[in-house]
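This report concerns only the one structure given below.
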Amino acid sequence: MAITIKEVEYIARLANLEFSPEEKERFTHQLSQIIDYMGQLQQLDTEGVEPTSHIIPVSNVFREDRVRPSLPREESIKNAPDKGEGFVKVPKFLET
Amino acid sequence: MDYEAVIGLEIHAQLLTASKLFCGCSTRFGDPPNHNTCPICLGMPGVLPVLNRKAVEFALRMAVALHCRTNPFCRFARKNYFYPDLPKGYQISQYELPLAEGGYIDIEVDQTKKRIGITRVHLEEDAGKLLHEGLTESDSKSYIDFNRCGIPLIEIVSEPEIRTSEEAYEYLTQLKTILQYLEICSGNMEEGSLRCDANISIRPAGSSEFMTKTELKNMNTFRGVQRALDYEIKRQAEVVEKGGAIERETRLWDASQQVTIPMRGKEEEHDYRYFPEPDLVPLVTDESWVEEVAHTLPELPTAKRDRFIREYEIPKYDAEILTQSSPLADYYEQCVGYCHNSKAASNWIMVEILRKLKEDNIDIEQCPLSPRALAELISLIDKGTISGKIAKEVFEDMYQSQRSASEIVQEKGLVQITDQEEIRRVVSQVVESNPKQLEQYRRGQTRVFGFFMGQVMKATQGKANPQLVNKILKEILDSS
Ligand SMILES: [Zn+2]
């Protein structure tokens, strides 16, 4: 088993997710399988092969610096569970 | 023990593009909240960001100005973290292969030149804005405005080569001036279009070790950066002196208390799990593009300052002030172009114009007096039409009324009296009506010369040519 339950908890915290004990168990198993498979891939000799982040040979796709209409505000914050005065609201937190 | 500080600065500069980095939303400042957002900058599923070419050009300008080597092949990366101001749950930034690396800025503190290395310059998007106060439910809620989300930023990271708070201040000021000369950032720290974080540690003077550092945030003015660093150097030295250990932490500058305090509440893990942004193709900045940018780069502050010293033969101090902003430097050059008196133009601008602008809290661009109008005034002095003293009065009038110098001089009858006979007449009159002072002068009390001088100037409302008055007064007094 490549992954421990502690690591699953850590990743869940980073992703802001909460899991039940059963889910944690299941994900530990599933993530381990994925990592094991990566381990298998790692055995391949990739000497001299450039890491690939994009498989299509395209670069420099640009847009011109022109303003286009934005969404109406009602639309853009429609899905927020809490809103008011044009803002999205979240439970109070402070930086200090 | 003597300590020295090891400081590195991380600067974020908002680029002056019209639209955001990856979408067409406006970057306008001060719009109503959540007015400039779209599915792309809100991070809705299935949308595709497309890179703003102008933002790349602006970033390249800075990279070239800072003598960086640009990476011909670079890419964007996702920086993953959860925070309410980041709707996507990641920020599109650059990690490996940033736009540019390895540059420098030359600064000068106490007449000593120093080169500060630039580690990297990269492009990234801004996050939204959080409001914790002033709204209906501010006691229990934080409010989010996503207008700022996706506005292009360049991050400029310095090498940890800054040793004092003065050097940091100088570095920051230079960087701001360059950004403004390049017309790619407003450079306004109070408005947040320029932000500065600092990494700082201390070590025994002369040591080459790196000790535990703290990260300083929330410094909203240039002086604030300097004061926060001063405070932190002192604080760390005190901890070490007492045998304590510096904790690796983020501290916030509290400008009202003038202290740094540990940041609480946001103890999120700094595990950003960067990976290449799959939605954006690589950015290739080939040599011809970089060359094109280099060719169109304006003259930069230091080069301009040196040219002013050389070409206009003005002191370094003058040249430094006049090149603080590109519009001010232009104003000066235009003025000299009309009046051909570089030293006088420098004096008038540094003393009178800058004083007025400060009083009115405006920039040189809003100055009611054109360089040509000021030049005319200087020429009137140079031709002897008015005295320097009268010129001050004319200047005030010009600044208020925006009328030309010659118009004011004519109308108010301020033309300098250079007619020797007329001056002689006034001088004789003054000498005759002050027998007591004349007696004193005869007895060798030459100090009263100044008194006579003042009386003559008063009698002519300051219009008499002072050199002529001086000469004639001496003649008359000595022969009386
Ligand atoms: Zn948008």
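Order-wise, the sequence lines are chains E and Z.
Residue 574 in my numbering is what sits at position 17 of the first sequence, and the numbering runs on without skipping anything.
Residue 7 in my numbering is what sits at position 3 of the second sequence, and the numbering runs on without skipping anything.
C-beta: ideal position from N, C-alpha, C; glycine also.
Which residues in chain E have a C-beta closer than 8 Å to the C-beta of residue i? List them in chain order.
i, result
"residue 144 of chain Z", "648, 649"
"residue 22 of chain Z", "622, 623, 624"
"residue 58 of chain Z", "621, 622"
"residue 141 of chain Z", "641, 646"
"residue 102 of chain Z", "Ordered by position in chain E, no residue passes the 8 Å Cβ test against residue 102 of chain Z, which lies about 14 Å from the chain."
"residue 38 of chain Z", "630, 633, 634, 643, 644, 645"
"residue 288 of chain Z", "616, 617"
"residue 1 of chain Z", "Lying before the first or after the last residue shown, residue 1 of chain Z is absent from chain Z, which here runs from 5 to 484."
With H, G and I counted as helix, E and B as strand and the rest as coil, what does DSSP make of residue i?
i, result
"residue 126 of chain Z", "strand"
"residue 473 of chain Z", "helix"
"residue 465 of chain Z", "coil"
"residue 231 of chain Z", "helix"
"residue 570 of chain E", "helix"
"residue 334 of chain Z", "helix"
"residue 78 of chain Z", "strand"
"residue 185 of chain Z", "helix"
"residue 618 of chain E", "coil"
"residue 440 of chain Z", "helix"
"residue 427 of chain Z", "helix"
"residue 25 of chain Z", "coil"
"residue 279 of chain Z", "strand"
"residue 85 of chain Z", "coil"
"residue 56 of chain Z", "strand"
"residue 191 of chain Z", "coil"
"residue 37 of chain Z", "coil"
"residue 299 of chain Z", "helix"
"residue 239 of chain Z", "helix"
"residue 121 of chain Z", "strand"
Which residues in chain E sit within 7 Å of residue i, going by Cβ to Cβ distance?
i, result
"residue 88 of chain Z", "647"
"residue 41 of chain Z", "627, 628, 633"
"residue 46 of chain Z", "633"
Is there a Cβ from chain C that is less than 8 Å from the Cβ of residue i?
i, result
"residue 147 of chain Z", "As a matter of chain content, chain C is missing from the structure shown, whose protein chains are E and Z."
What's the gap between the Cα of residue i and the Cα of residue j?
i, j, result
"residue 247 of chain Z", "residue 222 of chain Z", "28 Å"
"residue 586 of chain E", "residue 563 of chain E", "12 Å"
"residue 358 of chain Z", "residue 373 of chain Z", "12 Å"
"residue 120 of chain Z", "residue 106 of chain Z", "11 Å"
"residue 354 of chain Z", "residue 139 of chain Z", "44 Å"
"residue 70 of chain Z", "residue 260 of chain Z", "34 Å"
"residue 85 of chain Z", "residue 350 of chain Z", "52 Å"
"residue 417 of chain Z", "residue 469 of chain Z", "14 Å"
"residue 122 of chain Z", "residue 54 of chain Z", "28 Å"
"residue 299 of chain Z", "residue 569 of chain E", "50 Å"
"residue 332 of chain Z", "residue 398 of chain Z", "22 Å"
"residue 422 of chain Z", "residue 472 of chain Z", "7 Å"
Taking 7 Å as the line, does the beta carbon of residue i fall inside it for any heavy atom of ligand 1?
i, result
"residue 42 of chain Z", "yes"
"residue 189 of chain Z", "no"
"residue 24 of chain Z", "yes"
"residue 1 of chain Z", "This structure gives no information on residue 1 of chain Z, because the portion of chain Z shown stretches from 5 to 484."
"residue 339 of chain Z", "no"
"residue 146 of chain Z", "no"
"residue 78 of chain Z", "no"
"residue 200 of chain Z", "no"
"residue 627 of chain E", "yes"
"residue 72 of chain Z", "no"
"residue 343 of chain Z", "no"
"residue 371 of chain Z", "no"
Please list, in chain order, all residues of the same chain as residue i whose beta carbon is under 8 Å from its beta carbon, the five residues on each side excluded.
i, result
"residue 408 of chain Z", "377, 380, 402"
"residue 262 of chain Z", "231, 235"
"residue 167 of chain Z", "8, 9, 10, 11"
"residue 195 of chain Z", "33"
With a threshold of 6 Å on Cβ separation, who are the neighbours of residue i within its own chain once the five nearest residues in sequence on each side are excluded?
i, result
"residue 135 of chain Z", "147"
"residue 653 of chain E", "A caution first: residue 653 of chain E carries a pLDDT of 46, below 50, which makes its placement in the model unreliable, though a value can still be read off. Correct list: empty, nothing qualifies."
"residue 6 of chain Z", "209"
"residue 170 of chain Z", "113"
"residue 14 of chain Z", "161, 201"
"residue 428 of chain Z", "476"
"residue 342 of chain Z", "376, 379"
"residue 297 of chain Z", "64, 65, 68"
What residues from chain Z crowd round residue i, counting only those whose CB sits closer than 7 Å?
i, result
"residue 610 of chain E", "79, 280"
"residue 615 of chain E", "285"
Just to make sure I have the definition right: I need the residues of chain E whose C-beta is within less than 9 Å of the C-beta of residue i. Which are they?
i, result
"residue 55 of chain Z", "617, 618, 619, 620"
So, for residue i: in the same chain, excluding its five sequence neighbours on each side, which residues have a beta-carbon less than 7 Å away from its beta-carbon?
i, result
"residue 638 of chain E", "none"
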